[in-house]
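FYI, the numbering used here numbers position 376 of the sequence shown as 673, with every residue one higher than the one before it. For reference, the structure is listed below as structure tokens.
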Amino acid sequence: MNWQGWAEIALTLSLAVAVGWPLGVFMSRVWNGERTFLDPIMRPVEALFYTACGVDPKKSQSWHAYALALLAFNLIGFVITYAVLRLQGVLPMNPQGFAGLSGHLSFNTAISFVTNTNWQSYAGETTMSTLSQMVVLTVQNFVSAATGATVAAALARAFIANRGEGVGNFWADLIRTTLYVLLPLSFVVAVLLVALGIPQTLAAGVTAHTLEGADQKISLYAVASQEAIKMLGINGGGIFNANSAHPFENPTPLTNLITAVSINTLGWAAFFAFGRMVLAKKDVHALVMAAFVLLFAGAAGVYATETQPAPAQVAAKVDTTVNMEGKEVRFGAPATAAWVAATTGASNGSVNGMHSSLMPLGGGIAMFLMQLGEILPGGIGSGIAIMVVMALLSVFVAGLMVGRTPEYLGKKIEAREIQFSILAVVIIPLSMLGFSALAAVLPEALKGLMHSGPHGLSEILYAYVSGTANNGSAFAGLTANAPWWDVTLAIAMACGRFLPIVAVLAIAGALAAKPKLAPTAGTLPTDGGLFVGLLIGVILILGGLQFFPAMALGPIVEHFQVLGAVAALR
């Protein structure tokens, strides 16, 4: 460890917050339907979509109608994606000549991209045609990100409503977020990445002549455009199997910085947009502070663990203080640590190094950040939505201690809100731990493991934690392209995505119907350090205590095994 490494981590994480603030102001204007500088270009396109779909953007929907529209849209997206992947072999724009995917892999991949998870049980460069990458997977990268944003917009309107009935229009929120936020930003970042050397072509590949005189086929795609929305949409699925460790996706330290910052930018922007919409900027700044403290602590923990020698290095008498296994030399430990925290604190899942090669506690920290609920800052909109749920539980706990009905942002928090809040947070460990327990004892599931013992358990736990959290990263030792893993991970992804969304929209519906209250002397301040500490405590208890037994049998036990191995070798 050195000060340059700490400075690199601080710069990477802080830049995302700094860039996210003005984008959050713009995003709130988009959600509110206010005038923006893009109106002359986008208003006609937006109106065309409304006319084609028969949508009245001014008609507000109840939370039930909003939720049904969201679920129906994503169901249609799943069906289209599944069909294209199954029929890939007979569809055009397939210069690679790839066959259609199997039923279980198509099912898993369709659910994965619809839920903004981008779990990949396949290697993109040897599986997906140009059509599949561009027409279904990239489209889902846009609309799945926009779907998460709609939830935050609906929840924000609920807090400012005074005995209202509607939470907005799902179709308007979806279209406006895509047209005004995701498309323009992705275009700018894609052009920048092309300028920095990332390929953007419809060619299937090129043939290179090696030094040994052999021919090598190198796959090519429209990488830059996919890379831009992969990061900005907090999606994470790479065109290449090595993801952002591949030089065609992330060739230089500069592209690494740009893409690492892009992972969290719109997640933080959704926080600031929410604060501006509910007219409670200071209260949301407290949420940002709590999330950033936890995120930086995670990055610091990974950096500390990865600047220790691995047992194999000690055995080989290598004089090093850095575990470089699974890391790119052009990035090093600090950039890898910052990326690990950014990608698992958000529901991104992209990697610039192999998470399975992290030291046990480093991999455990990556899992722990996902177990917290993907709120640091999480996905676009979905992160702030679950963070608000955590805030509701925090004021509820505080209310129990002082014997007062809790309030948050001018709304009384009563039984209905707490019930749905509990549902939103309980489904996460239920799916993560339930599926992991089954996989740990079923022979069909155990066939996919490369390792046994604690690391094998970590492979299982990491997969279901990642899937349920809609993250998509994985320990590389797991071979997941098998019926058991594809189907159960798809179910975990769907549960982790849509059950919390419906719960949050139900909370929004209950809050919107309530009167807006002015703060009183008995109202708990939710914009100061005391509340930040309470919120962090609630998050850690919900994330830590539920998962500690499983973590103790996986990465924690493996950590002590590593310590024992190093001591023996010395």
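For each residue, glycine too, the CB sits at the ideal point set by N, CA and C.
Please name the residue in the options whose C-alpha comes closest to that of residue i.
i	options	result
R473	A442, H506, F717	A442
D353	S359, A344, W360	A344
T604	G659, T475, G646, F484	G659
F717	E625, A803, L508	A803
T475	I853, M339, N547	M339
N811	M667, G461, A446	Rather than Asn, the amino acid found at residue 811 in this sequence is Lys. Ranking M667, G461, A446 by Cα distance to K811 puts G461 first.
A539	V486, M651, S429	M651
L839	V686, A773, V859, G806	V686
N547	W565, A567, P852, A525	A525
T412	A805, G764, A815	G764
G421	P337, A501, S728	A501
L850	A607, G750, D824	G750
V575	G321, A455, L489, A505	A455
V486	G530, G834, A469, N466	G530
L493	W300, V448, F845, F545	F545
L666	A682, S429, W636, N649	W636
K813	E704, F845, M324, P822	E704
I515	A521, S522, A505	A505
F323	L308, A583, L398, F568	F568
E625	V585, G675, A542, G700	A542
T817	L335, K708, V478, G321	K708
K356	A349, T309, F467, Y419	F467
V381	F346, T435, Y347	T435
A805	P341, M298, A364, A349	A364
A369	M848, G330, T444	T444
T776	G745, T549, A766	G745
Residue i to residue j, Cα distance in whole Å?
i	j	result
P392	R383	17 Å
A362	L673	29 Å
P657	A630	15 Å
L808	G642	28 Å
H401	W303	43 Å
S654	A613	17 Å
L743	S728	18 Å
W328	G463	15 Å
L831	V585	14 Å
N459	A577	16 Å
F795	A789	10 Å
L479	S679	15 Å
So, with DSSP's three-state summary, where would you put residue i?
i	result
A695	helix
D512	strand
K356	coil
G793	helix
Y379	helix
Y419	coil
H543	coil
G650	strand
H361	helix
E704	strand
G830	helix
V575	coil
G825	coil
H748	coil
V322	helix
V738	coil
V615	coil
A519	coil
T474	helix
V581	helix
T504	strand
Residues in the same chain with beta-carbon distance under 7 Å from residue i, minus the five sequence neighbours each way, listed in chain order, please.
i	result
V316	V558, T562
L499	T427, A519
I710	L689, V692, F693, P703, E704
L554	T309
F571	A449, A453, V581, I681
Y347	P354
T820	E704
S800	The identity of residue 800 in the sequence shown is Ala, whereas the question assumes Ser. Closer than 7 Å at Cβ, skipping near neighbours: F717, L720, A721.
I'd like to know if residue i contacts chain D, where contact means its C-beta is closer than 9 Å to some C-beta of that chain.
i	result
K356	No chain D is present in this structure, which holds just one protein chain.
Return the chain-ordered list of same chain residues with a C-beta closer than 6 Å to the C-beta of residue i, the five sequence neighbours on each side being excluded.
i	result
Q610	T617
V503	I515
D470	T447, A450
I715	F693
L398	L382
Please return the same chain residues whose Cβ sits closer than 8 Å to the Cβ of residue i, not counting the five positions on each side in sequence.
i	result
G835	The sequence as given places Val at residue 835; Gly does not occur at that position. The answer, listed in chain order, is M687, L690, S691, V694.
- Message: Whether or not the stretch 402-411 and the stretch 373-381 are in contact is what I'm after, with contact meaning three or more pairs of Cβ atoms, one per stretch, closer than 8 Å; do they touch?
- Response: yes
- Answer yes if the stretch 690-697 comes into contact with the stretch 768-782, meaning at least three C-beta pairs across the two stretches below 8 Å, and no otherwise. The stretch 768-782 vs the stretch 690-697: no contact.
- Task: Examine the Cβ distances between the stretch 753-764 and the stretch 729-737 and report whether three or more of them are shorter than 8 Å.
- Result: These segments touch.
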